[in-house]
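In our numbering, the protein residues as written are 516 to 594.
Structure first, commentary second.
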Amino acid sequence: MANAAGLTFDSINSSIAQVTTRREASLKELIANLGDSPSTTDMLSMQQQIQQWSMFTQIQSTIVKEVSDTLKGIIQKAA
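So, in structure tokens, the structure goes:
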């Protein structure tokens, strides 16, 4: 018998959340290691990490909303 698990709302959210969590951990580590007088390079690196984390958070939010809206539409059409 074939595996019927497929893509689920939780599996999609969990996969994206893992990437976001890794980016967040990386950002926290960078901030913790900045020291008292960070260089311009350090600040630019932090800015890049913040932008990446923000982008992944927005992507996660957008995908979760789109999947949710799609599932609601399917349920409404089935009813």
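We put the CB at the ideal spot given by N, CA and C, even for glycine.
- Task: Please state whether DSSP places T577 in a helix, a strand or coil.
- Result: helix
- Nearest-angstrom Cα separation, counted from L549 out to L586: 44 angstroms
- Does the beta-carbon of T556 have 16 or more other beta-carbons within 10 angstroms, so that it is buried, or is it exposed? exposed
- Which residues mark the beginning and the end of the alpha helix (DSSP H) in which D551 is found? No alpha helix (DSSP H) holds D551; DSSP gives it neither H nor E.
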